[in-house]
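For reference, the structure is listed below as structure tokens.
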Amino acid sequence: MERQSIPTAGEKIFTYMTPFIFVIGIFGNILSLRVFVTKNMRKLSASLYLAALSTADLLSLIFYVLIEWIKRSISPDPSVPAAPFFEQNGICQILIYMQYISRFLSSWIIVCFTFERYIGVCHTLKRKTFCDMHSTRKIVTSVVCLAVVLCIYKPCMTASVEVGPYKIKVCSTDPNHQDMSFILDCIFVFCIIFLPFVIITVLNSMIIRTLYVRNKHHRQCKVITEESIIRLEFTVILIAISFCFIALNTPYTAIWCKQHLLTRFVKQRDGDQLLVANTGSEMTWNINVMFITRTIFYMNYCVNFFLYCLTGAYFRKELRMLFMYKSKNYQSQYHRCSVQNTSSTPTPNTCV
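Here the sequence shown stands for residues 3 to 354, numbered as in my numbering.
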């Protein structure tokens, strides 16, 4: 895969921003997951969806963001792949499979969470049927099983193939299945971007409308309980997550579709379908836009923690309690060690 001697502005942004996105995303999602499985939060069905979303985002960061950054940014020699180990048959298919599964889960868990909030807000009489922990576990398990089954096509149509003038091996679509893989990839993009976009937009519109009407009619006599506040916070969190999901996914998806369609009519020279569609200045512009929008797209996997902190007072409370609990445990342990050392003989004593 021959690269330009001078990196474009888009490549520089991708190269230097992606590690920050990865590190922030890993820590943010681990903290979010830890909060959602605390004693108080795990009783709520919405927490299970958000815990599953944090797990899916962690998988996406590890198997998708990190791997793609290593492949596309670390290239000491155009005649040698950046990470030959990732291009080998077997490893190549496993990584592709995990990438597709994690991306599918990241999208459809948000859809399931949206549906849960829609039932809870717009159909309160059915809340106990669809919004209890048993139903939530069944839904999350079903989505995981669906992802495992639907994404199996990609590793079956992927292979380590020789490309470019140096005949280096890269993990790419098997030449024997290019047409079918292109069709299935388009369907996959539709299923993880466009279809969730429509469902989330429609359900969120109905949720916002219901909340507005309910607040308008019952402003004077509405009884505010802790449970209603928590449910409202989860609804606000959902709307924030949904907005960012759409905003961060749309630019890269549009460019990806454009480039993917162009490569159907332009002879590929360097083996990278996402980058080689035109020549000259237009090609440079396409490379810049592709790398920039890809970097923006990666932010989708690290932004949720900040959305939880901004929109969820209950989340912030549990997060503070999590750190305070650890601090108190440390202080209590230190106090016990000090008391033991003081009351014991002068022999040196160690507390682990």
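Idealized CB from N, CA, C, for every residue including glycine. Keep in mind that this is a model prediction, so the values were computed, not measured.
Span of the beta strand (DSSP E), counted from its first residue to its last, around residue i
i      : result
CYS193 : From DSSP, CYS193 is part of no beta strand (DSSP E); its letter is neither H nor E.
VAL165 : 160-165
VAL172 : 170-175
Residue environment, residue i, which counts as buried when at least 16 other CB atoms sit within 10 Å
i      : result
SER207 : exposed
LEU107 : buried
VAL200 : exposed
THR10  : buried
ARG105 : buried
PHE87  : exposed
LYS119 : It should be noted that the sequence gives Arg, not Lys, for residue 119. By the neighbour-count rule (16 or more Cβ atoms within 10 Å), ARG119 is buried.
ARG233 : buried
VAL204 : exposed
GLU320 : buried
ASN306 : buried
ILE210 : exposed
CYS133 : buried
LEU148 : exposed
TYR316 : buried
TYR66  : buried
ILE121 : buried
VAL123 : buried
PRO167 : exposed
ARG29  : For the sequence presented, residue 29 should be read as Phe rather than Arg. PHE29 comes out exposed.
Of the residues the options, the one placed nearest residue i, counting alpha carbons only
i      : options                           : result
LEU250 : TYR303, TYR214, THR131 and LYS130 : TYR303
VAL142 : THR160, TYR51 and CYS133          : TYR51
ARG74  : LEU309, LYS14, VAL113 and ILE189  : LYS14
THR20  : MET301, VAL172 and ILE232         : MET301
ALA161 : ARG139, CYS173 and SER49          : CYS173
ALA84  : ASN306, ILE170 and SER47          : ILE170
ASN178 : VAL191, CYS158, PHE190 and ILE112 : CYS158
LEU213 : THR126, HIS136 and ASP134         : THR126
CYS114 : LYS156, ALA53 and ILE154          : ALA53
TRP110 : VAL305, CYS193, PHE245 and ILE231 : CYS193
LEU312 : GLU235, SER244 and THR286         : GLU235
CYS188 : TYR168, LYS156 and GLY166         : LYS156
Length of the line joining the Cα atoms of residue i and residue j
i      : j      : result
LEU186 : TRP258 : 15 angstroms
SER56  : SER144 : 17 angstroms
ILE32  : LEU60  : 8 angstroms
TYR310 : THR237 : 11 angstroms
HIS262 : ASN288 : 12 angstroms
ARG296 : TYR254 : 6 angstroms
LEU152 : TYR99  : 10 angstroms
LYS269 : LYS41  : Because LYS269 sits at a pLDDT of 45, beneath the cut-off of 50, its placement in the model cannot be relied upon, and the following sentence gives the value as read from the coordinates. Each residue's Cα considered, the two are about 58 angstroms apart.
ASN280 : VAL37  : The predicted model places ASN280 with a pLDDT of 49, which falls under 50 and marks its position as unreliable; any figure quoted below should be read in that light. Cα to Cα, ASN280 sits roughly 48 angstroms from VAL37.
PHE22  : MET292 : 19 angstroms
MET43  : PHE117 : 19 angstroms
VAL150 : ILE103 : 6 angstroms
GLN333 : MET326 : Legend: pLDDT at GLN333 = 48, less than 50; position of this residue unreliable, no value from coordinates given.
TYR18  : ILE69  : 15 angstroms
GLY12  : LYS260 : 17 angstroms
SER137 : THR286 : 50 angstroms
PHE190 : ILE154 : 12 angstroms
ALA48  : VAL163 : 44 angstroms
Segment limits, alpha helix (DSSP H) that includes residue i
i      : result
GLY27  : 11-38
PHE48  : Note that residue 48 is Ala in the sequence shown here, rather than Phe. Here the alpha helix (DSSP H) through ALA48 covers 47-62.
GLY122 : 93-124
GLU89  : From DSSP, GLU89 is part of no alpha helix (DSSP H); its letter is neither H nor E.
HIS179 : It is not in any alpha helix (DSSP H) - HIS179 carries neither H nor E in the DSSP assignment.
MET135 : 135-152
TYR303 : TYR303 -> no alpha helix (DSSP H), and no H or E assigned at all.
PHE132 : 129-132
LYS73  : 68-75
* To do: Indicate whether the contact test is met: 3 or more Cβ pairs, each with one atom in the segment 176-184 and one in the segment 86-96, closer than 8 angstroms.
  => Taking 8 angstroms as the limit for Cβ pairs, the verdict is that the segment 86-96 does not touch the segment 176-184.
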